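The opening residue of the sequence shown carries number 417 in my numbering; numbering runs sequentially from there. From the three backbone atoms N, C-alpha and C, an ideal C-beta is built for every residue, glycine too. All of these numbers come straight from a predicted model, not from anything done at the bench.
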Amino acid sequence: MFLFKRNSSKKKKAAAEQLVSLSLTQKALRSIWRDKLTLLALAYLVGITIIALLAPFITNNIMQVDPNEPITANKFTPLLTDGYILGADDIGRDQLARLLHASGVSMGIGFFGTLLALCIGVVLGMIAGFRGGYIDDALNWFVTTLDSVPFLFLLIIMASFISFNSTTLILVFGLFGWFGIYRLIRGQAISLRHREYITAASALGAGTGRIIFSHILPNLVSITAIVLMRGIAGLILAESGLSFLGYGVQPPQATWGNMLTKSLQFMRLGEHLIIFPLFMISLTVLCFYIVGDGIRDAFDPTLQR
């Protein structure tokens, strides 16, 4: 018994020493791997992304259905009837085919809109936070001025002059959605630029670009990953909200938001038309937040064991 306890304590000590020797990224990946809920949410997001990318191939070659082709004789077809797995909408379009295509559009708007905002916010935030001075003052004034205008009000004004499609929404979300990211990255850059290793690198002759890309940017990877996850979820919800107000992507191009908005007009005739777009929006947004929280917890040193 004593020998067993001794071996057990040695194993625990060896495991502890191995954990200490791991880098922060390795510890974070190990933490995520042990988090079953985060892994489950991540598996769903990978799966829905693959489906979104393959949606045109699936509908054209496997289902052999045009998601925008109306067949009025089949309108409001129920579930699992006449070859319609998820039924048909008010003008007879295949609900499953439209959901598949909508996955690509909604996820694309969320991802590329957030990516554009992230690129702008990270670059300007690092410049303002690291350089300081009049550059920081000018950027802060610019951001504060633009951010004082309500985003929804700005979108409604823009909708009076342009018709929103997936491309214009990506540009609008990206060009006007980076203010919060800028403030977050700027604060982190200000905190990091006073660290000893940054001062030492500067004293050794390292240029601004090298310091930013070699020392500051790697420390922002976890924050940018969290912002990316939550940003995609937020833009999926934003697109759905705009569609509800009539300013989102217009039919026949399908998004989860405009499918849900259109189906609300026929609640008594086609309940199934509401359930599936709502389910996809809710589950996808929830999974993005779960993965974002998992990344945050994994990189939080106060939660490391």
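Can you tell me which of the three DSSP states residue i falls into?
i      : result
Ser579 : coil
Tyr663 : coil
Ala622 : coil
Asn674 : helix
Asp482 : coil
Leu562 : helix
Gln669 : coil
Ile376 : No information on residue 376 is available, as it lies outside the stretch 417 to 721 that the chain covers here.
Met683 : coil
Ser437 : Note that Ser437 scores 42 on pLDDT, short of 50, meaning its location in the model is unreliable; the coordinates nonetheless yield the value given after this. In the structure shown, Ser437 sits in a helix (DSSP, three-state: H, G or I).
Please report the distance separating the alpha-carbon of residue i from that of residue j.
i      : j      : result
Ile601 : Arg646 : 15 Å
Phe589 : Asn581 : 12 Å
Phe592 : Glu655 : 14 Å
Phe629 : Ile448 : 26 Å
Glu612 : Ser638 : 21 Å
Gly603 : Thr615 : 18 Å
Gly529 : Gly657 : 16 Å
Gly664 : Thr488 : 25 Å
Thr640 : His631 : 15 Å
Lys452 : Asp506 : 40 Å
Ser437 : Phe715 : Low confidence applies to Ser437: its pLDDT is 42, below 50, so where it sits in the model is not reliable, and the reading given next is rough at best. Those two C-alpha atoms are separated by around 16 Å.
Leu512 : Ala468 : 12 Å
Asn477 : Ile606 : 53 Å
Cys535 : Ile586 : 13 Å
Leu694 : Ala649 : 14 Å
Pro494 : His688 : 8 Å
Gly548 : Ala533 : 21 Å
Ser698 : Ile627 : 41 Å
Thr561 : Phe595 : 10 Å
Ala504 : His517 : 15 Å
Gly621 : Thr441 : 28 Å
Pro483 : Leu680 : 19 Å
Met479 : Ile543 : 50 Å
Gln669 : Thr454 : 32 Å
Please check the pair residue i and residue j, which I expect to be a contact at CB under 8 Å, by giving their CB distance rounded to whole angstroms.
i      : j      : result
Lys491 : Gly508 : 5 Å
Leu540 : Leu555 : 6 Å
Val538 : Leu636 : 7 Å
Gly643 : Ile597 : The sequence given here places Val at residue 643; Gly does not occur at that position. The Cβ separation is near 6 Å, so the contact holds.
Ile691 : Met683 : Contact flag wrong, Cβ pair sits at about 11 Å.
Leu515 : Leu496 : Incorrect: roughly 15 Å between the Cβ atoms, too far for contact.
Ser564 : Gly673 : Contact flag wrong, Cβ pair sits at about 27 Å.
Leu653 : Val701 : 6 Å
Cys703 : Leu461 : 5 Å
What are the boundary residues of the alpha helix (DSSP H) that includes residue i?
i      : result
Arg599 : 595 to 609
Gln465 : Per the sequence presented here, residue 465 reads as Thr, with Gln not at that position. 452 to 473 is the span of the alpha helix (DSSP H), which, as asked, contains Thr465.
His688 : 687 to 715
In chain order, which alpha helix (DSSP H) runs of at least 4 residues are fully inside the stretch 489 to 550? 511 to 547
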